[in-house]
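Visitor:
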Amino acid sequence: MRKRRFTEAQIIGMIKEQEAGLPTSELCRKHGLSPATFYKLKAKYGGMDLSDAKQLTQFEEENAKLKRLVADVMLDRASVAPLVQAQWRGSCRRISWESPDDADATAGRGAAGDEGASDLSTPGLRPDRCRSEDGAA
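Counted from 1, the sequence shown has number 86 at position 86 by full-length UniProt numbering; the numbering is strictly sequential.
#1: Under the rule that 16 or more other beta-carbon atoms within 10 Å means buried, what is Glu38, buried or exposed?
#2: Closest to Lys44 by C-alpha separation, out of Ile15, Ala78, Leu75, Gln87, would be which residue?
#3: Can you tell me which of the three DSSP states Thr37 falls into?
#4: Kindly indicate which three-state DSSP category Asp49 falls into: helix, strand or coil?
#5: Give the straight-line distance between the Cα atoms of Ala53 and Asn63, rounded to the nearest whole angstrom.
#6: Can you tell me whether DSSP reads Pro23 as helix, strand or coil?
#7: What is the DSSP secondary structure of Phe6, counted as helix, strand or coil?
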């Protein structure tokens with residue numbers, strides 16, 4: 001059976017006809033829809049005027065578009081996350097920060113023993129201990 005789509009103006013008009021006193025069965029027969037469909041439309045659009053109904057439709061379309069965008073971003077993230085984890089897993093080793101009191105650990109390298117660590121965005125990693133993708137240091 002063919003799905004029929006009524007405009008907001010037609011739906012609001014049908015609801016106003018029914019509120020004016022036209023029996024629901026006659027109204028449904030006149031417009032060619034079932035009473036269940038009419039009551040569903042009345043529940044959704046009842047008490048609205050035409051501008052409210054148009055705004056509701058616009059919000060529903062915008063909401064559907066945003067839901068699709070969020071789903072696409074989540075799908076992209078879910079597909080990229082295992083690749084990023086596999087790339088970084090084991091490629092860099094953590095170093096421990098040496099105490100400034102330890103003279104052997106800080107000899108010739110500065111007070112905190114953090115030579116080269118400031119070059120990376122992740123604290124506690126040394127660039128000389130990280131492998132690149134091709135395996136070179």
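The C-beta atom is built at its ideal place from N, Cα and C for all residues, glycine as well.
Guide: Taking the definition as stated:
#1: For the purposes of this step, residue 38 is taken as residue 38 along the sequence shown, with counting starting at 1. For the sequence presented, residue 38 should be read as Phe rather than Glu. With at least 16 other beta carbons inside 10 angstroms of its own, Phe38 counts as buried.
#2: Here residue 44 corresponds to residue number 44 of the sequence shown, with the count starting at 1. Nearest of Ile15, Ala78, Leu75, Gln87 to Lys44, Cα basis: Ile15.
#3: Translated into positions along the sequence shown, residue 37 becomes position 37. Thr37: helix per DSSP, three-state reduction.
#4: Taking the sequence shown and counting its residues from 1, the one referred to as residue 49 is at position 49. Coil.
#5: Taking the sequence shown and counting its residues from 1, one reaches residue 53 at position 53. Taking the sequence shown and counting its residues from 1, one reaches residue 63 at position 63. Taking the straight line from one Cα to the other gives about 15 Å.
#6: Indexing the sequence shown from 1 puts residue 23 at position 23. Note: Pro23 maps to coil in three-state DSSP.
#7: Position 6 of the sequence shown, counted from the first residue, corresponds to residue 6. Residue state, collapsed to three classes: coil.
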